[in-house]
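K.L.:
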Amino acid sequence: GAGVSQSPSNKVTEKGKDVELRCDPISGHTALYWYRQSLGQGLEFLIYFQGNSAPDKSGLPSDRFSAERTGGSVSTLTIQRTQQEDSAVYLCASSLVGGGLTDTQYFGPGTRLTVL
Amino acid sequence: AQSVAQPEDQVNVAEGNPLTVKCTYSVSGNPYLFWYVQYPNRGLQFLLKYITGDNLVKGSYGFEAEFNKSQTSFHLKKPSALVSDSALYFCACQRGFGNEKLTFGTGTRLTIIP
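In the order they appear, the protein sequences are chains A and B.
With my numbering, letter number 30 in the first sequence gets 30, and the count goes up by one each step, no holes.
With my numbering, letter number 43 in the second sequence gets 43, and the count goes up by one each step, no holes.
1. Check whether the Cβ atoms of Lys22 (chain B) and Phe34 (chain B) lie closer than 8 Å to each other.
2. Under DSSP, the beta strand (DSSP E) around Cys93 (chain B) begins and ends at which residues?
3. If you measure beta-carbon to beta-carbon, which residues of the segment 52-79 of chain B are closer than 7 Å to chain A?
4. In the DSSP assignment, the beta strand (DSSP E) including Leu46 (chain A) goes from what residue to what residue?
5. Is Lys22 (chain B) close to chain A? Criterion is C-beta to C-beta, closer than 8 Å.
6. Can you have a look at Ala88 (chain A) and say buried or exposed, based on whether 16 or more other CB atoms are within 10 angstroms of its CB?
7. Counting only C-beta atoms, is Leu47 (chain B) closer than 8 Å to chain A at any point?
8. According to DSSP, simplified to helix, strand and coil, what is Val27 (chain B)?
9. Under 9 Å Cβ-Cβ, which residues of chain B neighbour Ala31 (chain A)?
10. Could you tell me which of A:Pro61, A:Thr70 and A:Asp63 sits nearest to Ala54 (chain A), measuring between CA atoms?
11. From the DSSP output, read off the bridge partner residues of Asn17 (chain B).
12. Bridge partners for His121 (chain B) per DSSP, in chain order?
13. If you check the beta carbons only, do Arg22 (chain A) and Val97 (chain A) fall under 8 Å apart?
14. Express the C-alpha separation of Cys93 (chain B) and Ser70 (chain B) in angstroms, rounding to a whole number.
15. Compare the C-beta of Arg42 (chain B) against all C-beta atoms of chain A and say whether one is closer than 8 Å.
16. Rounded to the nearest angstrom, how far is the Cβ of Arg95 (chain B) from that of Gln2 (chain B), given a contact under 8 Å?
17. Quick check on the DSSP output: the beta strand (DSSP E) that includes Ser3 (chain B) runs from which residue to which?
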């Protein structure tokens, strides 16, 4: 596609429910990233996928958060038993290369998650 | 660990005047530095980056930034501001070579006054 796409654009859920957020990277991009943007924490890294390598999960805030990337393309970020502090905009980015080579990360429009 | 500081939460500039948005960084080794812009209810848009080479890098929409190693700064500049430049600007750094994540500053809201 022309750019990174994310769905849904908005998600409202009740505390304790599970949510899934989806990211479609730019076609041909091998690296995929998830970030979170919140008022209190700013923009923070969550997880990074590069090809078939084990993902870098060092930014995930708790074990309620997980992500997978199927077929080296689409990624899903899952938050289990959501809490109010999970409310934020979740941004996905992709880049052409990774694994030690720097390339520009291009961001999607984000998913705004609100936990009531 | 790497960090980025944007010392100004808000910058106001009159239309047509030059603008500067400040950024300083702390990272071991050679830094890779980026500027992104965010318009309301939109994702981040890439403006420019410094990897190596010429310290002055030019990017989208007439923006440029100067890498200053001695001052560990990477300030964003534009010679003549437009009202449409009003947005939230983020500076970011990356250490590279196995550490791919971007570390962002807290953002600077730029308002161009007509």
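Quick reminder that beta carbons are idealized off the backbone N, C-alpha and C, glycines included.
Fair warning: this is a prediction, and the values are worked out from it, not measured in the lab.
P.N.:
This is what the structure holds:
1. The Cβ atoms of Lys22 (chain B) and Phe34 (chain B) do not sit closer than 8 Å to each other.
2. Ala87 to Gln94
3. none
4. Gly42 to Gln50
5. no
6. The residue is buried, with at least 16 neighbouring Cβ atoms inside 10 Å.
7. no
8. coil
9. Glu100
10. A:Thr70
11. Paired residues: none, contrary to the question.
12. Beyond the ends of chain B as shown, which are 1 and 114, falls residue 121 (chain B); an answer cannot be given.
13. no
14. Take the alpha-carbon of Ser70 (chain B) and the one of Cys93 (chain B): they are about 16 Å apart.
15. Yes, Arg42 (chain B) counts as interfacial toward chain A.
16. 6 Å
17. Ser3 to Ala5
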